[in-house]
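Accompanying notes for the structure given below.
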Amino acid sequence: MENKKTIVMGVTGGIAAFKAAQLTSNFIKKGYDVEVIMTKHATEFIAPLTFESLTKHNVMVSTFEKVHERSVKHISIAQRADAFVVVPATANVIAKIAHGLADDMLTTTFLAASCPKIICPAMNTGMYENIVTQQNLDLLRSYGYTLVEPESGFLACGDMGKGRLADISIIEDAVEMTLVKEKPLLGKQVLISAGPTQEALDPVRFLTNHSSGKMGVALAWWAKAMGADVTLVHGPIHERIPYDIKSISIKSACEMFSVFQEFSQDADIIIKAAAVGDYRPAQTANDKIKKNEEQFSLPLMKNPDILSWLGEHKKTNQVLCGFAMETQNLLQNAEKKRKEKHCDLLVANNLLTKGAGFGNDTNVITILSNQEIKEYPCMSKLEASDHIWQHILAIMEQKGESLC
Ligand code: PMT
170 MENKKTIVMG
180 VTGGIAAFKA
190 AQLTSNFIKK
200 GYDVEVIMTK
210 HATEFIAPLT
220 FESLTKHNVM
230 VSTFEKVHER
240 SVKHISIAQR
250 ADAFVVVPAT
260 ANVIAKIAHG
270 LADDMLTTTF
280 LAASCPKIIC
290 PAMNTGMYEN
300 IVTQQNLDLL
310 RSYGYTLVEP
320 ESGFLACGDM
330 GKGRLADISI
340 IEDAVEMTLV
350 KEKPLLGKQV
360 LISAGPTQEA
370 LDPVRFLTNH
380 SSGKMGVALA
390 WWAKAMGADV
400 TLVHGPIHER
410 IPYDIKSISI
420 KSACEMFSVF
430 QEFSQDADII
440 IKAAAVGDYR
450 PAQTANDKIK
460 KNEEQFSLPL
470 MKNPDILSWL
480 GEHKKTNQVL
490 CGFAMETQNL
500 LQNAEKKRKE
510 KHCDLLVANN
520 LLTKGAGFGN
530 DTNVITILSN
540 QEIKEYPCMS
550 KLEASDHIWQ
560 HILAIMEQKG
570 ESLC
């Protein structure tokens with residue numbers, strides 16, 4: 170219990186204050202200790218009791234109430250905080266924290282805290298776009314705070330435009346990513362592929378596979394959490410793209426190939442977790458193919474092998490990590506792929522192993538490099554990604570790369 174990470178949640182007076190309750194509940198379910206501090210105005214929108222019930226802690230509002238219990242509470246909470254998230258952050262509170270004002274419990278504790286800080290603005294579009302607010306936000310950026318941009322849409326005041334609080338899951342990502350203290354990938358460009366490809370037969374049908382994109386998305390999450398600039402090239406997937414990751418959506422293997430040809434030279438690390446179709450219909454019919462014949466054969470042609478191309482065009486010090494999806498002779502086939510495709514690292518998984526492969530939240534991986542073969546038990550794709558990244562970091566060090 171003592172090792173629990175503490176997230177301090179500052180709730181300010183905007184209509185989106187109710188969403189902070191969902192966020193609190195999500196963090197509590199994940200095992201974090203959450204301390205909530207509200208502004209007086211926030212209590213007009215949602216009762217402190219809601220947060221007290223969720224966190225099992227008193228909610229702090231005024232610096233002066235219950236002085237005996239909390240005379241230096243703002244300092245002790247500031248010292249204990251592993252992350253401080255202000256959600257929603259009104260224009261007023263943004264202005265105050267940008268200029269170091271500390272006239273209530275929230276702003277006082279915020280000023281005293283030295284942990285990573287995450288600001289989630291939510292307000293009317295006019296207020297958000299106002300030059301004063303924008304300059305205050307620039308100030309917060311310049312202090313190294315994480316800003317989770319609001320979304321555009323229909324606002325509570327009836328206006329349409331930018332100002333709606335970012336999706337709760339995106340805020341959750343941003344907070345949890347700041348909790349990853351080590352940032353060895355700062356300044357590094359990471360290119361990751363995820364999900365299936367679709368190869369069209371006609372305007373109605375396509376050839377594809379069961380990849381959900383979960384493995385690639387988990388790898389992207391860790392790369393971002395460790396400080397990298399991440400581009401995720403993905404086929405049609407339903408997975409949510411994590412916070413602050415550039416996403417490029419493709420359908421076919423040829424489209425994926427074009428993107429990799431364009432971006433691979435700028436990448437320090439490339440991971441190919443996508444399940445790329447090996448073949449595509451030799452021709453894509455312009456109209457729906459009719460079912461006239463009893464038997465129907467479809468001529469296929471080979472797709473470009475993107476990983477092989479990347480291996481052939483690998484620049485100095487670039488790290489290339491491939492995957493191998495097998496149903497038999499896992500190690501033999503994977504080692505063959507690693508060598509033939511010039512990969513520094515290859516992650517092998519056997520689709521027939523329980524808990525491995527497509528669609529699951531878990532995987533069973535074996536990591537092959539020219540130095541070792543390491544087998545891992547069944548674990549979540551996020552945990553598996555952590556291990557893959559540890560291997561990648563080790564290879565970068567061997568290559569003499571300086572890591573932050
Ligand atoms: O997406 P999930 O549901 O989470 O599932 C994860 C996964 C099973 C898709 C993932 O763990 C995985 O194994 N990805 C690789 C799938 C695959 O295509 O394996 P392969 O052995 O057929 O290909 C070997 C490597 O070459 C892969 O890195 C692949 O991206 C790449 N390749 C393959 C064919 C091709 N034309 N171009 C390629 O770049």
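Heads up, the sequence shown is in our numbering, so the first residue is 170 and it goes up one at a time. Cβ atoms here follow ideal geometry from the backbone N, Cα and C, with glycine treated the same way. Given the structure is predicted, the values throughout are model-derived calculations rather than measurements.
Just to check, is the beta-carbon of residue i closer than 7 Å to a non-hydrogen atom of the ligand PMT?
i: S427; result: no
i: I410; result: no
i: V445; result: yes
i: M384; result: yes
i: A389; result: no
i: F527; result: yes
i: N472; result: yes
i: M548; result: no
i: N305; result: no
i: A363; result: yes
i: G182; result: no
i: L476; result: yes
i: N519; result: no
i: G480; result: no
i: F196; result: no
i: S381; result: yes
Output the distance between the C-alpha atoms of residue i and residue j, rounded to the nearest integer angstrom.
i: V236; j: A282; result: The pLDDT assigned to V236 is 45, lower than 50, so where the model puts this residue is not dependable, and the model offers no usable value.
i: P285; j: F429; result: 34 Å
i: L537; j: I263; result: 49 Å
i: V230; j: A190; result: 16 Å
i: R310; j: L334; result: 18 Å
i: I458; j: I561; result: 46 Å
i: A267; j: Q487; result: 40 Å
i: W390; j: P290; result: 23 Å
i: T302; j: N195; result: 29 Å
i: R374; j: V255; result: 47 Å
i: F432; j: K265; result: 41 Å
i: F527; j: S380; result: 5 Å
i: G404; j: H210; result: 45 Å
i: M395; j: E368; result: 34 Å
What does residue i pair with, by DSSP beta-bridge criteria?
i: Y448; result: K471
i: P290; result: A258
i: V153; result: Nothing about residue 153 can be reported from this structure: the residues present for the chain run from 170 to 573 only.
i: A363; result: H403
i: A493; result: A517
i: V230; result: Per DSSP, none; premise fails for V230.
i: G385; result: None; G385 has no bridge partner.
Output yes if chain C places a C-beta closer than 8 Å to the C-beta of residue i; else output no.
i: L223; result: Of the protein chains in this structure there is only one, and it is not chain C.
Since residue i and residue j should fall inside the 8 Å C-beta cutoff, what is the C-beta to C-beta distance between them, to a whole number of angstroms?
i: K188; j: I288; result: With a Cβ gap of about 15 Å, K188 and I288 do not count as contacting.
i: K415; j: L401; result: 7 Å
i: D513; j: I440; result: D513 to I440, Cβ: 11 Å. No contact.
i: E213; j: G179; result: Not quite, the Cβ-Cβ distance comes to about 16 Å (not below 8 Å), so this is no contact.
i: A442; j: S549; result: Not really, about 15 Å apart at Cβ, beyond 8 Å.
Problem - Length-filtered (4 minimum) alpha helix (DSSP H) runs lying within the segment 331 to 365 - result: List check, alpha helix (DSSP H) in window: 337 to 348.
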